[in-house]
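Undergrad: Encoded as structure tokens, here's the structure I'll be asking about.
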Amino acid sequence: MVVVGGGGHGLATAYYLARDHGITNVAVLEKGWLGGGNVARNTTIVRSNYLWDESAALYEHALKLWEGLSQDLNYNVMLSQRGVLNLAHSLQEVRDSRRRVYANQLNGVDAEWIDAEGVKAYCPQINISPDLRYPVLGATLQRRAGTARHDAVAWGFARAADARGVDIIENCEVTGFDIERGAVRGVRTTRGAIKAAKVAIVVAGHGSVMAEKAGFRLPLESHPLQALVSEPIKPVLDCVVMSNAVHVYVSQSDKGELVIGAGIDAYNSYAQRGSLPVITGQMGALLALFPIFSRLKMMRNWGGIVDVCPDASPIIGKTPVEGLYFNGGWGTGGFKATPGSGQVFAHTVARDEPHPLAAPFALDRFTSGALVDEHGAAAVAH
Amino acid sequence: MLLIECPYCGPRDECEFHAGGEAHIARPEKPETLSDAAWADYVFMRKNTKGWYAERWVHSAGCRRWFNVERNTVTHEIRRVYRVGESPTEGEGS
Chain A
158 MVVVGGGGHG LATAYYLARD HGITNVAVLE KGWLGGGNVA RNTTIVRSNY LWDESAALYE
218 HALKLWEGLS QDLNYNVMLS QRGVLNLAHS LQEVRDSRRR VYANQLNGVD AEWIDAEGVK
278 AYCPQINISP DLRYPVLGAT LQRRAGTARH DAVAWGFARA ADARGVDIIE NCEVTGFDIE
338 RGAVRGVRTT RGAIKAAKVA IVVAGHGSVM AEKAGFRLPL ESHPLQALVS EPIKPVLDCV
398 VMSNAVHVYV SQSDKGELVI GAGIDAYNSY AQRGSLPVIT GQMGALLALF PIFSRLKMMR
458 NWGGIVDVCP DASPIIGKTP VEGLYFNGGW GTGGFKATPG SGQVFAHTVA RDEPHPLAAP
518 FALDRFTSGA LVDEHGAAAV AH
Chain B
-12 MLLIECPYCG PRDECEFHAG GEAHIARPEK PETLSDAAWA DYVFMRKNTK GWYAERWVHS
48 AGCRRWFNVE RNTVTHEIRR VYRVGESPTE GEGS
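Protein sequences appear in the order of chains A and B. For the first sequence, my numbering begins at 158 and goes up steadily by one. For the second sequence, my numbering begins at -12 and goes up steadily by one.
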């Protein structure tokens, strides 16, 4: 069996194939190096407060795995359940946020609504002045949400998969698929061909490129997603703050850097970099919410390529090619799902039938119309 | 920052424009006869090419007109800007 892509989701897929299904004759093919793609380029936020039942179930499953992941992998992934605030800045956002809180509670996902004073009490550094152009009117709070150490997730899954017999091959780019009578027979790579009865594509930013090589189409568009970090400072922010309306999210890493992200660049790109106006906008939003940060210097910024689906939900499941499976299109929110994604996809591949949590995310939802529309519903704009 | 040559206004900064995605997607001529799969292909499926890509842009903060751009999605280089109704370069577009 071949897993195409050695990012967080690919390594997690290989690990759960070995751990849950006893399938260890697995090669994970990575065109770059481990921890070099989006698993190392995200803003490390982990949460499960999605609106729709299908999404809440999938991401809550992932969050429960996160809670035991360090023990399971015997590798400290530094999960820090410091709480995530999703701010509301308008009456409509207040209504939408409270609706999402009720939906979360019905789905067993911890969620609370707190007003502006409550936000200030939870996060004293924030500016809740009514003079702001988009004042903070309140927030949803998921206390079990937080951050995890992204590099540790890559290394933890890689080491745990390797220990169970999985082969991880770096600098090995898949250049094509061998397909006979509609069924996959193997892959061609820059380092030779590999025969395989099952091939699982788990790529974050090249889903369409892979699909084209296999002869089918996907509803994906690839965009840059940028982030940046400040110079390291003493502990000042002990929770995660996200704002949809002014569009910025921020947390402080254990190294002391503020980690700042926002939305995608609007145009298609495979360049792993974006345009300055996007991060200029998110810095403006940050300083409106946190004037205290105005003197901070920014150290680095970078971009990753994310495949965005029309409904901002991932694609997990079979493809039109027999024996070829796809897990991708996670858009801007894949990191939080890493263990859950790997486990439900491993189940889907091993048994050739979708895991119950993965079934709503099959590719055929774009034909049936049963979309899982998390655009604007999933606590952040995508 | 991209510098985009609006065919009506000349070169302007990217933030005056909005990206409109893949160009030259023709609306099905007989929608009433279309299968679900063909609808899905028209509505959702995209080429999302890595390399030269024919796409639409609109000059939102300028003349507000739509036009087409051939842009490389790896280097961001723009090699051609042309009006709606004109043909894409051979081998590009849909």
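For each residue, glycine too, the CB sits at the ideal point set by N, CA and C.
Less than 8 Å between CB atoms is the rule here; does G80(B) satisfy it with respect to chain A?
TA: The residue labelled residue 80(B) in the question sits at position 93 within the second sequence. For G80(B), the pLDDT reaches just 49, beneath the cut-off of 50, and the residue's location in the model is therefore unreliable, leaving the point undetermined.
Undergrad: Looking only at its chain, what residues have a beta carbon closer than 6 Å to the beta carbon of E269(A), apart from the 5 residues adjacent to it on each side?
TA: Counting from 1 along the first sequence, the entry for residue 269(A) is found at position 112. So the list reads L298, once near-sequence residues are dropped.
Undergrad: Compare the C-beta of S379(A) against all C-beta atoms of chain B and say whether one is closer than 8 Å.
TA: Within the first sequence, the letter at position 222 stands for residue 379(A). Taking Cβ atoms only, chain B reaches closer than 8 Å to S379(A), which makes this a yes.
Undergrad: Name the chain B residues that come within less than 7 Å of P471(A), Cβ to Cβ?
TA: What you label residue 471(A) is simply residue 314 of the first sequence in a count that begins at 1. Under the 7 Å cutoff, chain B gives no residues; its nearest Cβ is about 14 Å from P471(A).
Undergrad: Short of 6 Å in beta carbon distance, which residues of its chain neighbour R342(A), apart from the five on each side in sequence? Order them along the chain.
TA: Counting from 1 along the first sequence, the entry for residue 342(A) is found at position 185. Only D335 meet the Cβ criterion.
Undergrad: Quick one: is E187(A) buried, meaning 16 or more other Cβ sit within 10 Å of its Cβ, or exposed?
TA: The sequence position of residue 187(A) within the first sequence is 30, counting from 1. Per the 10 Å Cβ criterion, buried.
Undergrad: For chain A, is any of its Cβ atoms less than 8 Å away from the one on L21(B)?
TA: By 1-based counting over the second sequence, the position of residue 21(B) is 34. By this cut-off, L21(B) is not an interface position.
Undergrad: Is the CB-CB distance between V403(A) and A442(A) below 8 Å?
TA: One-based indexing of the first sequence puts residue 403(A) at position 246. One-based indexing of the first sequence puts residue 442(A) at position 285. Yes. Within cutoff.
Undergrad: Using the C-alpha atoms, what's the distance from F54(B) back to V68(B)?
TA: Taking the first residue of the second sequence as 1, we reach residue 68(B) at position 81. Taking the first residue of the second sequence as 1, we reach residue 54(B) at position 67. In a straight line, the C-alpha of V68(B) is about 7 Å away from that of F54(B).
Undergrad: Closer than 9 Å, Cβ to Cβ, to anything on chain A: give me those residues from the stretch 31 to 43 of chain B, in chain order.
TA: Hits within the stretch, in order: F31, M32, R33, K34, N35, T36, K37, G38, Y40, E42.
Undergrad: Just checking my contact of E3(B) with G49(B) at CB under 8 Å: how many whole Å lie between their CB atoms?
TA: Walking along the second sequence from the start, residue 3(B) turns up at place 16. Walking along the second sequence from the start, residue 49(B) turns up at place 62. Contact flag correct, Cβ pair sits at about 5 Å.
Undergrad: Rounding to the nearest angstrom, what Cα-Cα distance links M(-12)(B) and V435(A) in this structure?
TA: Working through the second sequence from its first residue, we reach residue -12(B) at position 1. Working through the first sequence from its first residue, we reach residue 435(A) at position 278. M(-12)(B) and V435(A): Cα-Cα distance of roughly 9 Å.
Undergrad: According to DSSP, is C2(B) part of a helix, a strand, or is it coil?
TA: Locating residue 2(B) in the second sequence gives position 15, where the first residue counts as 1. DSSP places C2(B) in helix when its eight states are reduced to three.
Undergrad: Should C(-7)(B) be flagged as near chain A, meaning a C-beta pair shorter than 8 Å?
TA: Numbered from its first residue, the second sequence carries residue -7(B) at position 6. False, the Cβ-Cβ gap to chain A never drops below 8 Å.
Undergrad: Give the residues from the stretch 429 to 454 of chain A that approach chain B closer than 8 Å (Cβ to any Cβ), ordered along the chain.
TA: Per Cβ criterion, the list reads S432, L433, P434.
Undergrad: Could you have a look at D530(A) and say whether DSSP puts it in helix, strand or coil?
TA: Counted from its first residue, the first sequence places residue 530(A) at position 373. Coil.
Undergrad: I'd like the ranges of any beta strand (DSSP E) spanning at least 3 consecutive residues and lying wholly in the stretch 209 to 255 of chain A.
TA: The stretch 209 to 255 of chain A contains these whole beta strand (DSSP E) runs: 241 to 245.
Undergrad: What does DSSP give as the partner residue(s) for A384(A) in the beta ladder?
TA: Locating residue 384(A) in the first sequence gives position 227, where the first residue counts as 1. A384(A) is bridged to G418(A), W459(A).
Undergrad: In whole angstroms, give me the CA-to-CA distance for G80(B) and H380(A).
TA: For the purposes of this step, residue 80(B) is taken as residue 93 along the second sequence, with counting starting at 1. For the purposes of this step, residue 380(A) is taken as residue 223 along the first sequence, with counting starting at 1. Because G80(B) sits at a pLDDT of 49, beneath the cut-off of 50, its placement in the model cannot be relied upon, and the following sentence gives the value as read from the coordinates. So the alpha carbons of these two residues sit roughly 19 Å apart.
Undergrad: State yes or no: is the beta carbon of S426(A) nearer than 8 Å to at least one beta carbon in chain B?
TA: Within the first sequence, residue 426(A) is the residue found at index 269, counting from 1. Yes, S426(A) lies at the interface with chain B (some Cβ there is under 8 Å from its Cβ).
Undergrad: Identify which residue in D23(B), F31(B), V56(B) has its Cα closest to the Cα of P(-2)(B).
TA: Residue -2(B) sits at position 11 when you count from the first residue of the second sequence. Nearest C-alpha to P(-2)(B): V56(B).
Undergrad: Starting from the Cα of Y40(B), find the closest Cα among E19(B), A27(B), A10(B), M32(B) and give me that residue.
TA: Along the second sequence, one-based indexing puts residue 40(B) at 53. Residue A10(B) is the option with its Cα nearest to Y40(B).
Undergrad: If you draw a straight line from the C-alpha of T346(A) to the C-alpha of D464(A), how long is it?
TA: Residue numbering aside, residue 346(A) sits at position 189 when the first sequence is read from its first letter. Residue numbering aside, residue 464(A) sits at position 307 when the first sequence is read from its first letter. The straight-line gap from Cα to Cα measures roughly 22 Å.
Undergrad: Assuming contact is defined by CB atoms lying nearer than 8 Å, are E250(A) and G8(B) in contact in what I supplied?
TA: Within the first sequence, the letter at position 93 stands for residue 250(A). Within the second sequence, the letter at position 21 stands for residue 8(B). Taking 8 Å as the Cβ cut-off, E250(A) and G8(B) do not qualify as a contacting pair.
Undergrad: Express the C-alpha separation of S400(A) and A419(A) in angstroms, rounding to a whole number.
TA: Taking the first residue of the first sequence as position 1, residue 419(A) is located at position 262. Taking the first residue of the first sequence as position 1, residue 400(A) is located at position 243. About 9 Å.
Undergrad: Beta carbon of D229(A), beta carbon of Q500(A): below 8 Å?
TA: Counted from its first residue, the first sequence places residue 229(A) at position 72. Counted from its first residue, the first sequence places residue 500(A) at position 343. Taking 8 Å as the Cβ cut-off, D229(A) and Q500(A) do not qualify as a contacting pair.
Undergrad: Taking the alpha carbon of P376(A) as the reference point, which residue from G488(A), R301(A), E211(A) has its own alpha carbon closest?
TA: The count along the first sequence starts at 1 and reaches residue 376(A) at position 219. For P376(A), the nearest C-alpha among the options comes from G488(A).
Undergrad: Mind checking the stretch 47 to 81 of chain B against chain A and listing, in chain order, the residues whose C-beta falls within less than 8 Å of any C-beta there?
TA: Here the close residues are R58, T60, V61, T62, H63.
Undergrad: Rank N231(A), Y232(A), C396(A) by C-alpha distance to the C-alpha of T201(A) and give the top, closest one.
TA: Taking the first residue of the first sequence as 1, we reach residue 201(A) at position 44. The candidate whose alpha carbon is nearest that of T201(A) is C396(A).
Undergrad: Who are the neighbours of P376(A) on chain B, taking C-beta pairs under 8 Å?
TA: Within the first sequence, the letter at position 219 stands for residue 376(A). Chain B residues near P376(A): A27, F31, M32, R33.
Undergrad: Mapping the DSSP letters down to three states, classify A520(A) as helix, strand or coil.
TA: Along the first sequence, one-based indexing puts residue 520(A) at 363. A small correction: the amino acid at residue 520(A) is Leu; Ala does not occupy that position in the sequence shown. DSSP places L520(A) in coil when its eight states are reduced to three.
Undergrad: Can you tell me whether DSSP reads M399(A) as helix, strand or coil?
TA: Here residue 399(A) refers to the residue found at position 242 when the first sequence is read from its first residue. Here M399(A) sits in strand by DSSP.
Undergrad: By the three-class DSSP mapping on this structure, what secondary structure does D267(A) have?
TA: By one-based count along the first sequence, residue 267(A) stands at place 110. Residue state, collapsed to three classes: coil.
Undergrad: Who are the Cβ neighbours of I462(A) in its own chain at under 8 Å, not counting the five residues just before and after it?
TA: If you number the first sequence from 1, residue 462(A) lands on position 305. Only N195, A361, G362, H363, S379, H380, P381, L382, S426, Y427, A428, Q429 meet the Cβ criterion.
Undergrad: DSSP on F314(A), reduced to helix/strand/coil?
TA: One-based indexing of the first sequence puts residue 314(A) at position 157. Helix, per DSSP.
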